[in-house]
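Residue numbers (our numbering): 2 to 142.
Glycine included, each C-beta is placed from N, C-alpha and C at the ideal position.
Remember, predicted model here, so these are calculated numbers, not experimental data.
Below: one structure, written as structure tokens.
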Amino acid sequence: MEKSILVESIRYSAVCQGCCAEAEWCGVQALVGEELRWDVETTCPACGFAVAVCGGDLPEGLRGRLLSEHGRAGLRVAPPTRNAAIMRVLRAELGIGLDGVRAVLEQVLTGQYSGTLPEMELLARKLRASGIEAAASRTVD
């Protein structure tokens with residue numbers, strides 16, 4: 002099992018929840034071993050309000066900001082591929098049914114499946130653990 006850490010972070014301005022002044026926020030998504038983690042935090046310079054939020058699924062707003070700042074990453078598998086083995090990993094990791102996994106498999110095989118770099122690296126690690134040569138990398142839009 003790979004123990005490396007992969008981190009993407011962003012800084013952005015947003016309204017303070019305490020006083021409505023502009024504050025700098027920091028958002029992070031990290032792949033630690035085989036676990037995705039995220040957090041967002043800020044301390045308002047105007048009123049001192051501080052908040053840190055983490056856990057659960059990555060909020061779409063944070064995901065969108067990460068994709069906008071860093072770009073999309075893709076997942077590649079090396080031929081020859083074992084489609085059934087890839088589908089097992091995708092179903093387990095993405096929590097999708099047989100119909101959905103067929104569409105995702107097609108996107109993976111054609112190089113069109115993408116997300117944040119930590120998300121794609123997690124799938125690549127899971128595929129490699131199942132004996133499938135896989136890699137995550139930045140895509141060029």
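Specify, as a first and last residue, the run of the alpha helix (DSSP H) that residue i falls within.
i    : result
R12  : From DSSP, R12 is part of no alpha helix (DSSP H) but of the beta strand (DSSP E) over 6-16.
D40  : No alpha helix (DSSP H) contains D40, which is instead part of the beta strand (DSSP E) from 36-44.
R126 : 118-130
L99  : 99-110
L67  : 61-71
A85  : 84-95
For residue i, count the other beta carbons within 10 Å of its own beta carbon; 16 or more makes it buried, fewer makes it exposed. Which is it?
i    : result
A74  : buried
T111 : exposed
V41  : buried
G132 : exposed
I6   : exposed
V33  : exposed
Could you tell me the alpha carbon to alpha carbon distance between residue i and residue j, rounded to whole angstroms?
i    : j    : result
V102 : Q18  : 40 angstroms
L59  : P80  : 31 angstroms
A137 : M88  : 17 angstroms
A22  : R12  : 16 angstroms
G62  : T140 : 21 angstroms
E120 : A53  : 22 angstroms
S14  : E25  : 5 angstroms
Tell me where the beta strand (DSSP E) around residue i begins and ends.
i    : result
R139 : 135-139
R77  : 74-78
A47  : Per DSSP, A47 belongs to no beta strand (DSSP E) and is neither H nor E.
Which same chain residues, not among the five before or five after residue i, have their C-beta less than 8 angstroms away from its C-beta?
i    : result
E94  : L123, L124, K127
T82  : L110, I133
L106 : N84, I87, M88, L91
Would you say residue i lies against chain C (beta-carbon separation less than 8 angstroms)?
i   : result
V41 : Any reference to chain C falls outside this structure, which holds one protein chain only.
To which residues of the same chain is residue i closer than 7 angstroms at the C-beta, ignoring the five residues directly before and after it?
i   : result
T44 : A51
Beta-carbon within less than 6 angstroms of residue i's beta-carbon, same chain only, minus the 5 sequence neighbours each way: which residues are those?
i    : result
Q108 : Y114
A135 : V78, A125, L128, R129
C27  : R12, E42
Comparing the CB of residue i with every heavy atom of the ligand MN, is any distance shorter than 7 angstroms?
i   : result
M88 : The ligand MN is not among the ligands present in this structure, which contains no ligands whatsoever.
Say whether the region 98-110 touches the region 41-55, bearing in mind that this needs 3 or more beta-carbon pairs closer than 8 angstroms, one atom from each stretch. These segments do not touch.
Is the region 113-124 touching the region 75-86 in the sense that three or more CB pairs, one from each, lie closer than 8 angstroms? Judged by Cβ distances under 8 angstroms, the region 75-86 makes contact with the region 113-124, as three or more pairs qualify.
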